[in-house]
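Converting from the sequence shown to our numbering requires adding 51 to each position, the first position being numbered 1. First comes the structure, then the notes that go with it.
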Amino acid sequence: MSQPRLLLIEDDYDVAEMLTTYFGSINYTVQHADNGTEGIELARSAFPNLILLDVMLPDMDGYDVCARLRQYSLTRYIPTLFLTQRDERASKVRGLELGADDYITKPFDIEELRLRVDGSIRRATRENLHETRTGLPTGPLVAEEMKRHIQAGAVELRFELRGFEAYQEHYSFMASADVLFHAARVLRAVIAREGTPNDFVGFNDETFVVATYADAAAIDSAVQADFNTQVTAFYTFSDVQAGGILMKPGTPEEYLAPLMSLARV
Numbered sequence: 052m053s054q055p056r057l058l059l060i061e062d063d064y065d066v067a068e069m070l071t072t073y074f075g076s077i078n079y080t081v082q083h084a085d086n087g088t089e090g091i092e093l094a095r096s097a098f099p100n101l102i103l104l105d106v107m108l109p110d111m112d113g114y115d116v117c118a119r120l121r122q123y124s125l126t127r128y129i130p131t132l133f134l135t136q137r138d139e140r141a142s143k144v145r146g147l148e149l150g151a152d153d154y155i156t157k158p159f160d161i162e163e164l165r166l167r168v169d170g171s172i173r174r175a176t177r178e179n180l181h182e183t184r185t186g187l188p189t190g191p192l193v194a195e196e197m198k199r200h201i202q203a204g205a206v207e208l209r210f211e212l213r214g215f216e217a218y219q220e221h222y223s224f225m226a227s228a229d230v231l232f233h234a235a236r237v238l239r240a241v242i243a244r245e246g247t248p249n250d251f252v253g254f255n256d257e258t259f260v261v262a263t264y265a266d267a268a269a270i271d272s273a274v275q276a277d278f279n280t281q282v283t284a285f286y287t288f289s290d291v292q293a294g295g296i297l298m299k300p301g302t303p304e305e306y307l308a309p310l311m312s313l314a315r316v
């Protein structure tokens, strides 16, 4: 599994610095927002595996942030753990009713927090809330979401990574996992930029699926252009210059596998 991605929405600088340093030291990629508005935008564009959300924020409270995240298809299934100074039962119940996955009160034990974060991410993976390589929803959840969106008038788009098998054979499983994550990031970034807050992105059977209420042709064009421009970063200079990977060199079966593309199917 690639590095788990954690989004911290916290306006207390000392707490944010401590959590960023700690989780970074145990192989997490941590992004930080110090207000709810920025946190929502980062959640839509960075698709973290989990969100640590402070209740008391300068522009809106964490309950409002959680409610908005649960409204958007791109962020609805991201596990969220509340951080708060409060210890009242009513406050905890409100957070859980809004869809929070867990709740921890400051001051907290850092090891307990780590265990809760790890547990929430494992549950999300086990329940197909996200696929480990891409971070996108997968399994039966994708079919349910796509059916709901198509009935509501969305257009369905499907994309596949052409040339992926040759790349994986030549460069390794770990390198190919990074490519899948990058493809998911491209899709999410394009949807965040060109789509609507109600658009959905998932991953099933090695295929990326999108439901969009925006201009499908524009989404398609942007996805392919962005990915095909950036994919060269995953190849050696010589492969880029050659236009692909020379497979089975020196044998009668020698052939050039073109550079990968994220193509509509």
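Yeah, the Cβ is synthetic: ideal placement off N, Cα and C, and Gly gets one too. Everything numeric in this text was worked out from a predicted model, so none of it was measured.
Boundaries of the alpha helix (DSSP H) harbouring LEU120: 113-122, taken from the DSSP string. Where GLY295 is concerned, the enclosing beta strand (DSSP E) starts and stops at 295-298. When Cβ pairs closer than 8 angstroms are counted between the two stretches, the region 261-269 is seen not to touch the region 220-233, the count staying below three. Residue range 64-76 is occupied by the alpha helix (DSSP H) that includes THR72. The C-beta separation of TYR286 from LEU310 comes to about 7 angstroms, placing the pair in contact by the 8 angstroms criterion. Around the CB of GLY90, 16 or more other CB atoms lie within 10 Å, so the residue is classed as buried. In this structure VAL316 is exposed. Its beta-carbon is surrounded by fewer than 16 other beta-carbon atoms within 10 angstroms. At a Cβ-Cβ threshold of 8 angstroms, THR189 and GLY113 do not count as neighbours.
Burial of ASP153 is indicated by the presence of at least 16 other C-beta atoms within 10 angstroms of its C-beta. Taken atom to atom, the span from the alpha-carbon of ASN86 to that of THR80 is near 19 angstroms. Taking a cut-off of 8 angstroms on C-beta distances, the region 89-106 touches the region 52-65, as three or more cross pairs fall below it. For ARG56, the uninterrupted beta strand (DSSP E) run begins and ends at 56-60, by DSSP.
When C-beta atoms of the region 61-76 are compared with those of the region 229-245, fewer than three pairs fall below 8 angstroms, so the two segments do not count as touching. The beta carbon of VAL274 lies closer than 7 angstroms to those of PHE210, VAL237, LEU238, VAL241 and LEU313 in the same chain, with the five residues before and after it left out. The DSSP-derived three-state label of ASP271 is helix. By the Cβ test, the region 127-138 is in contact with the region 166-175, since at least three Cβ pairs between them sit closer than 8 angstroms.
Distance from the CA of PHE215 to the CA of GLN292, rounded to the nearest whole angstrom, comes to 18 angstroms.
Under the DSSP assignment, ALA314 falls in the beta strand (DSSP E) whose first and last residues are 312-315.
Under the three-state reduction of DSSP output, ILE155 falls in the strand class.
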